[in-house]
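For the sequence shown, our numbering assigns the number 70 to the initial residue and increments by one for each residue that follows. Virtual Cβ for every residue (Gly too), placed ideally from N, Cα, C.
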Amino acid sequence: MSSRLEAANAIRVLAMDAVQKANSGHPGAPMGMADIAEVLWNDFLRHNPKNPQWPDRDRFVLSNGHGSMLIYSLLHLSGYDLSMDDIKDFRQLHSRTPGHPEYGYTPGVETTTGPLGQGLANAVGMAVAEKLMAARFNQGTHRIVDHRTWCFVGDGCLMEGISHEACSLAGTLGLGKLTVVYDDNGISIDGEVDGWFTDDTVKRFESYGWQVIANVDGHDPAAVSDAMHAAVADTARPTIICCKTVIGKGSPNKGGTEACHGAALGTEEVALTRDSLGWTQSAFEIPDAIYSHWSAVDTGASAEQEWRARFEAFAKEHPALAEEFSRRAAGELPQAFLTGIDEFVASCVAGESSVASRKASQQVLEAIGPTLPELLGGSADLAGSNLTLWAGAKGADRSGEEANYIFYGVREFAMAAMMNGMALHGGFIPYGGTFLIFMEYARNAVRMAALMKQRVIYVFTHDSIGLGEDGPTHQPVEQLAAMRSTPNLDTWRPCDSVESSMAWRQGILRKDGPTALVLSRQTLPHQVGSAERVADVARGGYVLLEEQGELEAVIIATGSEVALAVDAAAQLAASGRGVRVVSMPCAEVFERQDAAYRESVLPSHVLARVAVEASHKDWWFKYVGLDGRVVGMSTFGESAPGSDLMREFGFTVDAVLEAVEDVILS
């Protein structure tokens with residue numbers, strides 16, 4: 070059996086060798102955190118390398134994801150399906166060891182990290198999910214949800230503003246099973262951080278309500294172990310362990326400096342480091358004794374087996390809860406939801422009510438909430454405006470009681486990143502609301518959800534200049550174009566209650582990515598008047614109003630502007646024009662339809678096309694062509710009543726009529 074130091078040195082040499090072979094990467098953090106990781110992974114972390122999806126495993130998040138060779142080394146050494154050839158393939162095309170850890174590429178990687186601070190917020194979301202799942206399913210002595218979340222962070226993570234948002238809320242919620250280990254090495258890319266980062270981290274986290282364990286020698290396994298035991302013992306507060314480390318430890322000339330942060334050590338320095346560590350093996354060679362030290366295969370299998378025995382005993386006494394747990398862990402939806410949402414959509418078709426789409430969204434929540442216990446809502450201090458609350462919503466707090474709603478406070482970025490963590494944890498379908506304009510604060514976390522293919526739902530209300538008097542600081546213009554340009558993000562902008570309910574339906578059914586619901590403040594008239602149209606709504610774009618006679622032009626519209634298109638088409642039809650109205654609530658879904666369907670909606674021979682949307686014009690030229698017309702925005706808005714602004718910026722029936730006549734005659 071190898072010593073702890075030898076086991077930690079295996080991480081150091083794997084990190085420097087892989088980075089050297091790739092001639093790219095960050096060896097410093099893995100080399101500096103190797104001793105901490107050795108204690109955590111061998112003495113504390115409950116995981117099973119042969120089943121990385123075991124529901125009650127501990128979650129490990131490397132928030133400082135540039136140090137990816139740390140987690141790849143840990144996974145390889147402890148027995149996950151990550152070979153030495155994978156390690157050698159570090160940072161190469163289509164490898165399982167990309168430059169930053171990516172969820173879905175590497176078994177055992179719980180979340181994609183790299184944008185600093187977001188992994189930390191993901192970990193907070195995971196800890197929230199664990200706490201709420203435990204409140205739902207643990208009964209008496211049956212503890213089937215009983216795991217911890219461990220997160221490594223660096224100086225950069227704590228400099229990012231999202232760390233304040235997420236950690237402040239973590240303290241308020243009393244996430245006692247969250248432990249953050251801070252790699253306090255005093256170095257970032259630009260050098261020694263005391264020139265730009267002099268926060269009192271201890272006082273900062275104490276003010277959040279965290280247990281803070283300060284000044285731990287990150288290269289002393291006994292001190293690290295004591296700190297982790299103290300973290301586990303405090304069940305009322307999250308814990309941050311502040312470890313003093315040397316970046317690139319073991320490198321004689323580059324250790325302790327920024328020179329080893331983001332570049333290969335170089336052939337000569339790698340050789341000197343081997344000598345310094347007393348490591349005699351060649352590159353990518355690990356002695357059997359060290360593999361034996363690290364292997365978690367037997368202990369992991371035993372831990373999972375023990376949990377499965379507990380789950381079996383739980384299932385005998387609580388069969389309905391056990392069935393629900395298994396269903397939610399698998400990400401499957403209850404039949405009651407599937408039946409109920411279709412019945413609700415049908416009622417919207419028959420009801421013909423005019424309603425703001427934000428209100429229609431709340432009505433959907435009232436209908437589906439009782440049938441979908443995994444729905445976990447929230448809003449960034451705008452619940453009364455986003456209408457994300459429903460009658461059965463219960464806010465989470467530090468008590469540990471069952472809840473299904475998070476009052477995030479004014480923390481849009483943390484909300485979105487925490488939702489990613491909740492979705493990754495499993496057992497929940499999170500949704501969260503804010504104004505569409507404040508998607509900008511959350512944008513990178515929205516992008517990460519799309520990158521990781523996570524089922525999260527954003528409720529973005531107040532979707533245009535139509536929101537009115539709050540003015541251009543609150544009126545979105547370019548946001549829809551940015552969202553529609555984000556790969557794997559479905560953006561729905563519904564025109565009435567039917568499209569709103571279908572948008573919710575499709576977002577919940579979708580398993581391979583996030584969904585944004587872009588909703589109006591103002592009342593929208595009922596548009597979808599027949600059950601036959603409902604299936605077409607689900608296809609993202611469809612013919613809402615058929616032309617009379619020969620087709621001369623197509624008007625494409627979304628959301629609040631569909632009514633303008635319909636009214637304009639009616640006048641054009643009265644004058645003998647053959648004009649079709651296409652409602653396009655979700656272009657991404659429409660573009661996934663087969664070519665024949667898309668052609669049936671937007672015939673290629675009809676070049677006279679007009680798009681109408683109170684958003685930036687440029688995105689729409691992909692549909693109308695360079696010779697088409699767009700009734701849209703090209704400037705910021707103004708402060709005035711919404712109806713006045715719509716007229717001021719040309720969102721009128723007359724403007725649509727003029728655009729259609731112009732494109733037909735051109």
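Could you tell me the distance, in whole angstroms, from the CA atom of residue i to the CA atom of residue j?
| i | j | result |
| --- | --- | --- |
| SER566 | GLY598 | 11 angstroms |
| GLY535 | ILE410 | 29 angstroms |
| VAL725 | TRP688 | 18 angstroms |
| ALA664 | VAL658 | 13 angstroms |
| ASP636 | GLY628 | 14 angstroms |
| ASN284 | ALA551 | 44 angstroms |
| ALA405 | GLY438 | 11 angstroms |
| LEU227 | ILE625 | 46 angstroms |
| ALA728 | THR721 | 11 angstroms |
| ILE310 | CYS236 | 14 angstroms |
| VAL250 | HIS685 | 44 angstroms |
| ALA76 | ILE359 | 6 angstroms |
| GLY645 | ASP713 | 31 angstroms |
| ASP263 | THR175 | 35 angstroms |
| TRP459 | GLN431 | 7 angstroms |
| PRO388 | ALA638 | 57 angstroms |
| PHE690 | PRO118 | 50 angstroms |
| TRP110 | GLY325 | 24 angstroms |
| GLY618 | GLN640 | 14 angstroms |
Just to confirm, is the Cβ distance from residue i to residue j under 8 angstroms?
| i | j | result |
| --- | --- | --- |
| PHE206 | VAL193 | no |
| GLY240 | PRO307 | yes |
| SER99 | SER142 | The displayed chain sequence assigns Pro, not Ser, to residue 99. Yes, they are a contact pair. |
| LYS463 | TYR477 | no |
| PHE353 | MET487 | no |
| GLU538 | SER708 | yes |
| ALA106 | ILE355 | no |
| CYS329 | ASP253 | no |
| ALA333 | GLN161 | no |
| SER533 | ALA632 | no |
| GLY188 | LEU139 | no |
| SER448 | HIS531 | no |
| PRO583 | GLN523 | yes |
| HIS756 | HIS95 | Lying before the first or after the last residue shown, residue 756 is absent from the chain, which here runs from 70 to 735. |
| MET202 | ARG128 | no |
| PHE529 | LEU558 | no |
| ARG115 | ALA372 | yes |
| GLY706 | LYS580 | no |
| GLY469 | ILE526 | no |
| PRO654 | ARG516 | no |
| TYR172 | THR180 | yes |
| LYS318 | GLY101 | yes |
| LEU451 | ARG427 | no |
| ALA511 | GLU481 | yes |
| ALA60 | GLY243 | It is not possible to answer for residue 60, since the shown part of the chain is limited to 70 through 735. |
Indicate, with yes or no, if the ligand ATP has a heavy atom lying under 7 angstroms from the CB of residue i.
| i | result |
| --- | --- |
| GLU621 | Annotation note on the ligand ATP: not contained in the displayed structure, which lists no ligands. |
So, is residue i buried or exposed, given that buried needs 16 or more other C-beta atoms within 10 angstroms?
| i | result |
| --- | --- |
| TYR669 | For clarity, residue 669 is Ser in the given sequence; the question names Tyr instead. Exposed: under 16 other Cβ atoms inside 10 Å. |
| LYS246 | buried |
| PRO321 | exposed |
| VAL651 | buried |
| VAL479 | exposed |
| TRP265 | exposed |
| LEU586 | buried |
| GLY446 | buried |
| LEU43 | With the chain covering 70 to 735 only, the question about residue 43 has no answer from this structure. |
| SER736 | Absent from the model: residue 736. The displayed extent of the chain is 70 to 735, so no value can be given. |
| ILE156 | buried |
| LYS323 | buried |
| GLU229 | buried |
So, under 8 angstroms CB-CB, residue i and residue j are touching, yes? Tell me the CB distance rounded to an integer number of Å.
| i | j | result |
| --- | --- | --- |
| ALA766 | VAL732 | Because the chain here runs from 70 to 735, residue 766 falls outside it and cannot be looked at. |
| PRO672 | LEU620 | 7 angstroms |
| GLU616 | ARG649 | 4 angstroms |
| PRO121 | GLY186 | The pair is not a contact, with the Cβ atoms about 25 angstroms apart (cut-off 8 angstroms). |
| VAL271 | VAL281 | 5 angstroms |
*Along the chain, which unbroken stretches of the alpha helix (DSSP H) at least 4 residues long are found entirely within the stretch 575 to 627?*
The qualifying runs are 600 to 606.
*asked:* Quick check for students: name the residue ranges of the beta strand (DSSP E) that lie wholly in the stretch 640 to 722, counting only runs of 3 or more.
replied: Secondary structure in the stretch 640 to 722: the beta strand (DSSP E) runs of 3 residues or longer, each lying completely within the stretch, are 648 to 652, 678 to 685 and 698 to 702 in chain order.
*3 or more residues per run - each beta strand (DSSP E) lying fully within the stretch 307 to 393*: Fully enclosed beta strand (DSSP E) runs of 3 or longer: 308 to 313.
*Which runs of the beta strand (DSSP E) fall wholly inside the stretch 254 to 278 and span at least 3 residues, in chain order?*
With a minimum length of 3 residues, there is no unbroken run of beta strand (DSSP E) contained wholly in the stretch 254 to 278.
*Runs of alpha helix (DSSP H) lying entirely within the stretch 201 to 258, each at least 4 residues, in chain order*: Fully enclosed alpha helix (DSSP H) runs of 4 or longer: 224 to 228 and 230 to 242.
*Curious, which full-length beta strand (DSSP E) runs of at least 3 residues does the stretch 478 to 532 contain?*
The qualifying runs are 498 to 504 and 526 to 530.
*What residue ranges within the stretch 90 to 170 form continuous alpha helix (DSSP H) runs of no fewer than 4 residues, ordered along the chain?*
Runs of the alpha helix (DSSP H) inside the stretch 90 to 170: 97 to 108, 137 to 147 and 153 to 157.
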